[in-house]
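What follows is a set of notes on a single structure, which appears directly below.
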């Protein structure tokens, strides 16, 4: 036990370099686990965004593209679905509910989504959680809008505030539907999904603000006022996509096939889950690269530790000779130095885990609001513990390098230190 | 029968010899072209021997052989009736821990350790010495007693890092470490060369008294012949051991 105590005292004697080594290892561990947390958090966020929807229908395109623009509001639709096709699908006996989505306009950088009140009833996120209103309610008037939590927070809107929808998707738009302003009717609770950053209006409203438009520009000399438009037939001609819920999941593939082979119009129906899998396949390379980089950082930290121990070896040869003179075997010297590396690595891992959770606690609310990314604070899972164990073993093995050198030196030194 | 065989094989070995080297040939493996030969060297129990060895006379190699840190290529190193040369390396380490107390010229102590831990260190490797140290209480008591006899104030022993001691104090702590658990042999490699004249004398007085009280045999190496009168016997290392630089052919 004295020998262990002396080993620790020896380490304490070099506390500054030892501490820096431990910090380097800790930061690398924090990075490694942090990347993993963000990765799983991001995956979970994506997977949580859409739930309870069996099929997403859109114009014919890749399933990933359809998923991204319809649910995540990333990218744009290439084409629309005509209203009759939508009604055809809605009329199918397997369909329990169907929610149309109409995209293409924006409000100060936030996307505007035209839909029906059913959207608030059927949209599910984070394992079957429904949308709830923090204030107000669904749209009842033609020019009512329901805004997501982030829209309300960023722009400071309250129920009753007027908003103007811009044509197109830029944050700064020069073509505004300023002749037909909307009123905020409801504000949704925070969901951590793209819904938070969306302005919802009725499908008819989307139609109404575009009656006097053609090919993305106002038709000159033909202006329809907000009051006049209320009297018009606002049945939409086309929508961007639709979310479909089926009565029975067993019918999923049958309906999907029927839609994909729909004769009147080229359509696509996708399963959100399989489209997400496609997405993971796509970002998998980037994730692997990130993991490889953080593994390299850990390896660098361990190398730093080996360097630190190696540089102190020469001044510690005297220590080795003393230990040998009192009967320590060269193997004991080997064990001492390996144990030293082990202590440093384990301390580094422990500190790294503490730093990670401190950072998570500190940054979680910020990341949630700014990036819409919910990072769960869970105890380390089995895979993470296995990784940490592997790093501890790798650290001890790396410690063998200076230890073997000390072993050889102490064999060659004998009673006196030769320099 | 066995005794008879042993006696005929080693006619010059007296029963009271604690050290008996014969026909030892040693060369550092590989790197250094340095070899050492000892034809015959014997020390009987309880003696105080001064080995005069100028630097370069193979002093440290001789001591390494004696203490079993290195093993000769041939020959016999009899210590307390055991041929250390025939023991495997780990057994030699155990043997050294059990039967030798070693004092270096300087830097004897682990600088960051407390005085008491430095003294107790050999006991971790030598169960026999641990038992003997505990025969009159705890090992700590015995260490404190030895340190007290060697003139180290009790206030210095605990929690005090060895690096803060003076050189003279360090040598006395080293002596206590060598003596704890009463090993049969005390080997000192120029223990006084870092001390001034007065301290030298005082240190040797204390060391002799403790070695005598423990009934141990003392082998001390020095280049300082003026210490000679205080020892039972003065031998010249270059007369015992023949060292040769350059490749042994």
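Protein chains in written order, with this note's numbering: chain S, 564 to 982; chain Z, 43 to 291. Ideal placement from N, C-alpha and C gives every residue a C-beta, glycine not left out.
For residue 276(Z), the closest of 234(Z), 143(Z) and 94(Z) by C-alpha to C-alpha distance is 94(Z). In the structure shown, residue 753(S) adopts coil according to DSSP, grouped into three states. Neighbours of residue 906(S) in chain Z, taken as residues at a C-beta separation under 8 angstroms, are lacking, since the least C-beta distance is about 15 angstroms. Listed along chain S, no residue sits closer than 9 angstroms to residue 206(Z) by beta-carbon distance, the nearest being about 13 angstroms off. When secondary structure is reduced to three states using DSSP, residue 132(Z) falls in the helix class. Excluding its 5 nearest sequence neighbours in each direction, residue 174(Z) has C-beta neighbours in its own chain below 7 angstroms: 223 and 224, listed in chain order.
The contact set of residue 889(S) on chain Z, defined by CB atoms closer than 7 angstroms, consists of 139, 163, 164 and 167 in chain order. Residue 654(S) sits in coil when the DSSP states are folded into three classes, being neither helix nor strand.
Scanning chain Z for C-beta atoms nearer than 8 angstroms to the C-beta of residue 569(S) yields 152, 154, 155, 159 and 163, reported in chain order.
Neighbours of residue 136(Z) in chain S, taken as residues at a C-beta separation under 9 angstroms, are given in chain order as 890 and 892. The residues 697, 750, 751, 752, 753, 754 and 759, in chain order, have a CB closer than 8 angstroms to that of residue 712(S) in the same chain once the five nearest residues on each side in sequence are set aside. Note: residue 710(S) is bridge-paired with 750(S) and 762(S) in the DSSP secondary-structure output. In terms of CA proximity to residue 829(S), 641(S) leads the group 595(S), 591(S), 774(S) and 641(S). At a cut-off of 8 angstroms, the C-beta of residue 224(Z) has no neighbouring C-beta in chain S. Taking 8 angstroms as the cut-off, the beta carbon of residue 85(Z) is found closer than this to the beta carbon of residue 61(Z).
Sequence-distant Cβ neighbours of residue 627(S) in its own chain, meaning closer than 8 angstroms and more than five residues away, are 838, 841, 842 and 845. In the three-state scheme derived from DSSP, where H, G and I count as helix and E and B as strand, residue 59(Z) is classed as strand.
In the DSSP assignment, residue 884(S) falls within the unbroken alpha helix (DSSP H) covering 880–888.
Contact check for residue 673(S) against residue 761(S) passes: the beta carbons are separated by less than 8 angstroms.
Beta-bridge annotation (DSSP): residue 807(S) is paired with 618(S) and 661(S). At a cut-off of 8 angstroms, the C-beta of residue 119(Z) has no neighbouring C-beta in chain S. When DSSP reads this structure, residue 231(Z) sits in a beta bridge with 263(Z). Of the residues 870(S), 632(S) and 900(S), the one whose Cα lies closest to the Cα of residue 623(S) is 632(S). Contacts with chain Z at 8 angstroms (Cβ-Cβ) include residue 882(S). Comparing C-alpha distances from residue 918(S) to each of 578(S), 595(S), 935(S) and 566(S) shows the shortest one belongs to 595(S). The shortest CA-to-CA distance from residue 679(S) to any of 662(S), 687(S), 666(S) and 686(S) is the one to 662(S). Membership of residue 78(Z) in the beta strand (DSSP E) is indicated by the continuous run 76–86.
If the five residues before and after residue 155(Z) are omitted, its C-beta is found closer than 8 angstroms to the C-beta atoms of 163, 203 and 204, all from its own chain and listed in chain order.
Put simply, the region 959–967 of chain S touches the region 866–873 of chain S. At least three CB pairs are less than 8 angstroms apart. The bridge partners DSSP lists for residue 973(S) come to none. Runs of the alpha helix (DSSP H) lying entirely within the region 884–948 of chain S, each at least 4 residues long, are 893–934 in chain order. Annotation for residue 92(Z): the continuous beta strand (DSSP E) segment containing it runs 90–94.
Per the DSSP secondary-structure output, residue 286(Z) pairs in a beta bridge with 77(Z). For the region 263–289 of chain Z, there are no residues whose beta carbon sits under 8 angstroms from a beta carbon of chain S.
Checking the DSSP bridge columns, you'll see residue 118(Z) partnered with 64(Z). At a C-beta separation below 9 angstroms, residue 575(S) has these neighbours in chain Z: 154.
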